[in-house]
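Written out below as structure tokens is the structure these notes cover.
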Amino acid sequence: MLASRQLRAFPRFSRRYPLLLIGVIVLACLHVQINTSLPLSEQWVLLFQAPSGFDQLQFVYGNLPRMALAIMVGAVLGFSGSVLQQLTQNRLVSPMTLGASSGAWLAMVCATIWLPVWAAHSVWPALAGAMIAVAVVVVIAGPQGLGGLPLILSGMALNLLLGAVSAAVVMMHDQYVRNLFLWGSGDLAQNDWLWVSWLWPRLWPAPLVLWLAHRPLMLLRLGSQGAQGRGMRLWPVMLLLLFAALWLSSVAITAVGLIGFIGLLTPNFVRLLGARSVRGELIGSALLGAVLLLATDMLAQLGGTLGFGIVPSGAAAALIGVPGLLWFSRKRQAVSGGQQTISLVVRAQQLKPWAWIVIGASLALLALLSLTLSLSARGWQISWPDDLVWLFRWPRTLAAAAAGIGLAVAGVILQRLLRNPLASPDMLGLSAGSTLVLVLASTLLHRPLQQGATGLAFFGSMGVLLLLLALGRRMNYAPGMMALVGISLSALLDAVLQFALASGSADTFTIVGWLAGSTYRVSGGQSLALAVTVTVLLLLALLGQRSLTLMSISDGVASGRGVNLRVARVAWLVLVSLLTAAVTSVMGPIGFLGLLAPHMAALFGARRVVPQLLLSAGIGSVLLLLADWLGRMVIYPGQAPVGIVASVICGLYFIVLLLVQRARRGWA
Amino acid sequence: MRITVKRWLCWLAGGLSLLSGMVLADTQVQDSTGIHHFNAVPKRVITLSWEATDEVLALGITPIAAADAVDYRRWVVQPTLPASTLEIGSRLEPNLELILSLKPDLIIINPVLRDMQPQLSRIAPVLMFDAYRMDHDNAAYARQVYLELARLFGRQALAQQRIREMDGRVEQLRARLHQHFGPTLPKVEILRFAGPASVYLFGENSMPIKALQMLGVPNPGRKTMSAWGITSMPITALGQFGDRIVLHQEPFDQSDKLFPTPLWQAMPFVKAHHFAAVRSIWSYSGFFSLYYLADAITDALLTLPASPAR
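Here the protein sequences line up with chains A and B, keeping their order.
Each residue of the first sequence is one higher than the one before, counting from -3 in the working numbering.
Each residue of the second sequence is one higher than the one before, counting from 267 in the working numbering.
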């Protein structure tokens, strides 16, 4: 029945192809008018005869290939986004949200540094990075999670991990990767037909997909059970389609760099325009993708002529894409499909009293070690610090411990509130918001990033909180919407960051340093303030534990017992934001801890709210103290920032844990 | 007025103290935060920025430790940092405890470490020089910093002599350029490639343009939006330079993807053979990097044909 309705819708949308095609042609003609002084008649003649003179050459080797590349890349991004979305039956999937882009970026960064010859003109680093990232994300989410939030949250988690690793690599090889930033920000500028002629022969999977995909994707809409019932062997076909979609987006990424949002938004807009059939959506997405990228690239070029220097198209796409995505998510229940929660199997056990002793003892031991044991010019030294050394050490130790508590508590609250064990403060975009404000301030006001960072960072994450509250009111603070805001903001941050780094107007060095998250600059006053804030907020959380317990069972249970869901959700969100803002504004973004600590507390058997809050606070503290101390020693006399150390350790542990659990539970 | 009188007194005092065993009565040094008083010539100096390392070395003083010393030796290269100078961690997060254990009597920083100043001043007196800003002349400020430090270390004579030497050598460079190009030097643009499709153009307040001005080479000196005086632009925009002389600063490892293309070959300045490479020089460093830049630029210009641009 569903299928027949779709078949009836098919001819109606296909009437819009000519319209979209005309759109592509008109925009293409407008697109080549930017930055040329040639009259139209002369441009027409150039299509048939060899150019002479610089203006003509510039038109033929600069404007035309740029236009051709914008059409091809836009179409490819829209097309592969549509394939991925239909394959997973998930409207939020794109190379960006699946972790493919950050995988490709990390692989390119590494290849540029260690295998420069290989990296220069080859699709393989980007493809390998994208494939591995997506494979990990899909395995973590599992077949039941593909259609819903779990896939998006695992993608987000992997994005954070890969982002932290790339940041660490970039930080240590600042000079080598400098020229990669412009590529990373998606610059479409061309000086030859080189990339066009490189790209088009590599697009052969597209017609193949168009020809092959119709039946399997149609059957997938009936649910995988229904499809299997009709005798389809789904996995080989799905894998093939997945590989084709990733191949297509990887060649596009290799050619022009990271351009997000087009792949995510286009299929959704095409559906809003009325596309129902598999082919209708695929063809429509390709055409609309071309239209969108042409338009975006025109804006970017016009922005460039206004004196901002080069505005990369990837940054322009993000600037347009974020409002688009938020608007889209407001219009309809974007993430209603599929399973909304993901469960982590926790070994069922009672909370052992020794857990408290172990955590308490390691906390005390680590705090003591972090204050007394250190490397010096004469090797390892253990001694009680003298006055001045004490003055250098205690703010860092206290800040690390307090930040660990703050992030862990925020993580517990968020995971219970969203009933999703992959939720964490960094995924709501709160830390991205603070960083965004800082980078913008330092780029636009031309001042050192570290100056007055605390206030600005706080301002940034509170801004994100207001956005969350405003957008969330209509949707009852649905978890999907929250994740969407987080994804949008992180992507926007990435784009602005790449732009700032590429334009040369900001100091790469200090921005990358801030992004790492560090206790280095924490003053005594700041660390005391942080400790007090975190303690007060933890007490508040403990006081409100009843509503959190009820809400983590279900909304029905909570409202049945007299919890005002709206008020309670807002209150908990504010608490989480305050915790995150307090930590981020003092130390910079620190990923993964808020995700991992609650989970480890559950592993110890803390299942009720109060023990989980307290135990994960202890674990968070222990982990950050360890990460901070390790960071100070591991590349002595240099200092590895605590944020990167924590992200990499916790992130790796977490991804491995999820993979192991998937293996143990099997694939069904 | 009062300050100049004070300065004279200081110099006098400095000269006297040199005679009487390197003890200064009171030297005042002006940095970006204000005036600082010193009673003795600092002996154990730690530099936490590359500009500072450069300026101190140019006074013939070897810092006991420097931030990113290893990378300095790789990227800045000149003036040479002796192997005896210790690595002290990154310029962003130098190791406080190591600095403390080295017992310095002077620490020089730039604004990257502005908010660490309270902690650092507990170890030793701190001077902060904000070398690269949009609202001052970067080259003039570099010279001022150099002279200021010279006064602190009681080496004004050396500093003046080195500046005179530099002026003399720049004069020689200029003479070589005139010998090659005739009485009027051609206009020159300098850029750095960001990739095969885009460049950073050096503008008004950048050190390469200051070096050009020092050589008396005309340059439009475009306004830019960055403290380092650079602007990004696409390759196609370079057509506007006509057959003016265009130099690019090395390294550029993707030249094989740009230089053979028809568009590049059609650039008027490429056709006219008015395009040359300047050897790699760190262009965000201290005062004497101006001379190294000028030297490299002159060498690049002398490879070009002498026929003046239209």
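Ideal placement from N, C-alpha and C gives every residue a C-beta, glycine not left out.
| query | result |
| --- | --- |
| Beta-carbon spacing of A/L213, A/V274 below 8 Å | yes |
| Interface positions of the stretch 521 to 548 of chain B facing chain A (Cβ-Cβ less than 8 Å), listed along the chain | K523, L524, T527, P528, L529, W530, A532, M533 and P534 |
| B/N305, enclosing beta strand (DSSP E) - first and last residue | G300 to A306 |
| Listed by chain order, chain B residues near A/D31 by CB distance under 9 Å | The sequence shown places Asn at residue 31 of chain A, rather than the Asp named in the question. Those are P500, T502 and A503, listed as they occur along chain B. |
| Pairwise C-alpha distance: B/S315 and A/D382 | 28 Å |
| Chain B contact residues for A/Q635, given Cβ-Cβ distances below 8 Å | G355, S356, E359 and N361 |
| Below-8 Å beta-carbon distance, B/R339 vs any chain A residue | no |
| Close Cβ partners of A/T337 (< 6 Å) along its chain, the five nearest in sequence each way excluded | Note that A/T337 scores a pLDDT of 49, beneath 50, so its modelled location is shaky; the value from the coordinates is reported in the next line. R415 and N416. |
| Chain A contact residues for B/S367, given Cβ-Cβ distances below 7 Å | S372 and A373 |
| Residue from A/L147, A/A399, A/V205 and A/M104 with nearest C-alpha to A/F745 | Outside the shown range of chain A, which is -3 to 664, sits residue 745 of chain A, and nothing can be said about it. |
| Interface flag, A/A670 vs chain B, CB-CB below 8 Å | Outside the modelled stretch of chain A, which goes from -3 to 664, sits residue 670 of chain A, for which no answer is possible. |
| Between the CA atoms of B/L347 and B/T564 - distance to the nearest angstrom | 25 Å |
| Cutoff 8 Å; reference A/M63; Cβ partners in own chain excluding five residues on either side | A24, H27, V28 and L290 |
| Per-residue contacts from A/V385 into chain B (C-beta, under 8 Å) | E363 and L366 |
| Nearest-angstrom Cβ-Cβ length linking A/G182 and A/S309, presumed shorter than 8 Å | 5 Å |
| Residues near A/L489 by beta carbon distance below 7 Å, same chain, minus five either side | A428, T431 and L432 |
| 7 Å Cβ shell around B/Y558 - same chain, five flanking residues per side excluded | Q344 and I547 |
| Partner residues on chain A for B/Q422, Cβ-Cβ distance less than 9 Å | Under the 9 Å cutoff, chain A gives no residues; its nearest Cβ is about 31 Å from B/Q422. |
| Element boundaries [alpha helix (DSSP H), containing A/I258] | I258 to L268 |
| Status (buried if at least 16 other CB within 10 Å, exposed otherwise) for B/Q426 | exposed |
| C-beta contact flag for A/L43 and B/A532 at 8 Å | no |
| Rounded separation between A/T84 and A/L288 - CA only | 23 Å |
| Coarse secondary structure for A/F50, derived from DSSP in three states | helix |
| Residue nearest to B/K489 in terms of C-alpha spacing, selected from B/T502, B/N471, B/I365 and B/L481 | B/N471 |
| B/Q294 (DSSP reduced to helix, strand or coil) | strand |
| Helix, strand or coil at B/E455 [DSSP, three-state] | strand |
| Assigned secondary structure, B/E414 (DSSP; H/G/I helix, E/B strand, else coil) | helix |
| Any non-hydrogen atom of the ligand ATP closer than 7 Å to A/L413 Cβ | Ligands are entirely absent from the displayed structure, and the ligand ATP is therefore not among its contents. |
| Contacts around A/A496, its chain only, beta-carbon distance under 7 Å, and the 5 residues preceding and following it disregarded | V435, T439, A502 and I507 |
| Short CB-CB distance (under 8 Å) between B/S315 and chain A | no |
| Candidates A/V460, A/H210 and A/M92, of which the one nearest A/I258 by Cα | A/M92 |
| 8 Å Cβ cutoff, B/D320 in contact with chain A | no |
| Given A/R658 as reference, the closest of A/V133, A/G159, A/V582 and A/L538 once Cα atoms are compared | A/V133 |
| Inter-residue CB distance, B/L481 and B/V436 (contact presumed, cutoff 8 Å) | 7 Å |
| Residues within the stretch 461 to 473 of chain B neighbouring chain E, beta-carbon criterion of under 8 Å | In summary, chain E is missing from the structure at hand, where the protein chains are A and B. |
| Under 8 Å by beta carbon: chain B residues contacting A/A185 | A463, S464, P500, I501 and T502 |
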